[in-house]
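Only one structure is covered here, and it is reproduced in the block below.
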Amino acid sequence: MESLKKDFLELLEKDNEFRLTVMGYLGFKEIIDRLNKLDEKFDRQHEEIVKLNEKFDRQHEEIVKLNEKFDRHEEEIKKIWEELKKLNEKFDRQHEEIVKLNEKFDRHEEEIKKIWEELKKLNEKFDRQHEEIVKLNEKFDRHEEEIKKLRIDFEEQNRKNEVRFSRIEQTLGDLTEATISRFFLDDLKEEIRDEGDKIISRKRRVETPNGEVDLVVETSRSLYIVEVKVRPRRDDISSLASKTANLISEKNKVAILAGTVIKKDLYKVAEKYGVRLYEY
25 MESLKKDFLE LLEKDNEFRL TVMGYLGFKE IIDRLNKLDE KFDRQHEEIV KLNEKFDRQH
85 EEIVKLNEKF DRHEEEIKKI WEELKKLNEK FDRQHEEIVK LNEKFDRHEE EIKKIWEELK
145 KLNEKFDRQH EEIVKLNEKF DRHEEEIKKL RIDFEEQNRK NEVRFSRIEQ TLGDLTEATI
205 SRFFLDDLKE EIRDEGDKII SRKRRVETPN GEVDLVVETS RSLYIVEVKV RPRRDDISSL
265 ASKTANLISE KNKVAILAGT VIKKDLYKVA EKYGVRLYEY
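Count along the sequence shown starting at 1, add 24, and that's the number in the working numbering.
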């Protein structure tokens with residue numbers, strides 16, 4: 025009996041199927057089935073818990089990463105707020121500048137308005153002045169026409185006067201030269217008489233190979249070739265010397281240039297050409 029009991033207990037302990045069969049006979053089968061189901065549920069729940077733990081771990085990692093990102097974001101947001109603060113300060117300063125610019129712009133608009141008003145007035149003045157200028161131009165055209173006629177009349181009168189003055193000048197020149205000739209001839213007569221000589225002939229406007237001379241006086245010893253000029257020039261001296269040289273005569277030839285105004289430098293020129301100068 026003891027051996028059977030021992031074997032029975034050993035089977036209960038070691039043989040699970042036997043143990044369950046015995047329990048079934050003893051009325052524990054339903055309980056065991058339910059426990060088995062509970063075990064299965066527990067296993068499934070454990071698996072779910074494991075999965076949930078894994079998910080939790082993963083989520084925790086994500087949360088850690090999110091926290092890190094959040095920290096970085098907070099830092100970025102802090103920087104952004106600082107930048108926004110600076111931007112606001114800049115904006116405030118710019119706003120002040122804009123306000124000042126608007127004030128300046130308003131003043132400028134007022135000034136421009138005044139300038140436009142002045143320009144309008146100036147344009148009105150210009151229009152009036154333009155009308156006056158048009159009238160003045162019309163008057164000027166009439167005056168220019170009158171002046172043109174006057175100029176034509178003046179030029180015509182001037183030509184006539186030039187002819188008259190030329191004649192008067194020629195007449196005065198001739199009268200002056202005639203007067204000088206008479207004075208010179210009187211002086212020459214006295215000079216010749218003092219020298220014991222006498223005049224044989226005298227001729228006016230004598231032609232020579234180099235041109236006409238005003239007076240030629242011949243004495244018994246000399247031949248006087250005389251030119252009379254109101255204002256003798258250097259060329260008159262050389263011309264008289266040339267005319268004298270080309271006159272053929274065995275007598276002593278004397279070239280004389282008489283005038284009313286003789287410059288001092290002409291005396292040296294006359295001495296060079298052998299011409300005597302007489303000033304009256």
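Glycine is no exception: its CB is placed at the ideal position from the N, C-alpha and C atoms.
Quantities reported herein were computed from a predicted structural model and do not represent experimental measurements.
Comparing C-alpha positions only, which one of the options sits nearest to residue i?
| i | options | result |
| --- | --- | --- |
| VAL252 | ILE204, LYS275, GLU133 and ASP39 | ILE204 |
| ASN234 | GLU242, THR268, ASP95 and ASP210 | THR268 |
| LYS296 | LYS128, ARG258, ALA282 and ASN276 | ARG258 |
| ASP289 | ILE261, GLU86 and PHE164 | ILE261 |
| VAL230 | GLU219, ILE272 and ASP218 | ILE272 |
| ASP57 | GLU71, GLU72 and GLU41 | GLU41 |
| VAL250 | VAL278, GLU274 and LEU160 | VAL278 |
Can you give me the C-alpha to C-alpha distance between residue i and residue j, rounded to a whole angstrom?
| i | j | result |
| --- | --- | --- |
| LEU69 | ASN77 | This sequence places Gln at residue 69; Leu is not what is there. Near 12 Å, if we compare the C-alpha coordinates of ASN77 and GLN69. |
| GLU120 | LYS110 | 15 Å |
| ASN270 | GLU186 | 37 Å |
| VAL299 | ARG188 | 35 Å |
| LEU59 | ASP81 | 31 Å |
| GLU155 | ILE139 | 24 Å |
| ASP116 | ASN147 | 45 Å |
| PHE94 | GLU100 | 9 Å |
| LEU62 | HIS84 | 31 Å |
| PRO256 | ILE286 | 6 Å |
| ALA265 | HIS167 | 57 Å |
| ARG226 | GLU214 | 15 Å |
| LYS75 | GLU64 | 16 Å |
| PHE164 | LYS172 | 12 Å |
| LYS38 | LYS79 | 40 Å |
| ILE280 | ASP210 | 14 Å |
| LEU108 | PHE129 | 29 Å |
| ARG183 | GLU170 | 20 Å |
| LEU239 | LEU301 | 15 Å |
| ARG152 | VAL158 | 10 Å |
| GLU106 | GLU86 | 29 Å |
| VAL88 | LYS102 | 20 Å |
| GLN181 | ARG191 | 15 Å |
| LYS144 | PHE178 | 48 Å |
Only counting the same chain, and skipping five residues up and downstream in sequence, which positions put a Cβ closer than 6 Å to that of residue i?
| i | result |
| --- | --- |
| THR284 | VAL254 and TYR304 |
| PHE207 | TYR304 |
| LYS236 | The sequence shown places Glu at residue 236, rather than the Lys named in the question. Cβ neighbours of GLU236 beyond the five flanking positions: ARG229. |
| LYS124 | none |
Please list, in chain order, all residues of the same chain as residue i whose beta carbon is under 8 Å from its beta carbon, the five residues on each side excluded.
| i | result |
| --- | --- |
| ASN276 | ARG245, SER246 and LEU247 |
| PHE150 | none |
| TYR291 | LEU301 |
Would you list the one or two residues that DSSP bridges to residue i?
| i | result |
| --- | --- |
| ARG300 | ILE280 |
Keeping to the same chain, check which residues put their C-beta closer than 7 Å to that of residue i; ignore five residues upstream and five downstream.
| i | result |
| --- | --- |
| ASN126 | none |
| ILE216 | LYS222, ILE223 and THR243 |
| LEU212 | VAL241 and TYR248 |
* Asked: Which ranges would you report for the beta strand (DSSP E) in the segment 197 to 285 if only whole runs of at least 3 residues count?
  -> Counting only runs of 3 or more, we get 223 to 232, 235 to 243, 246 to 252 and 276 to 283.
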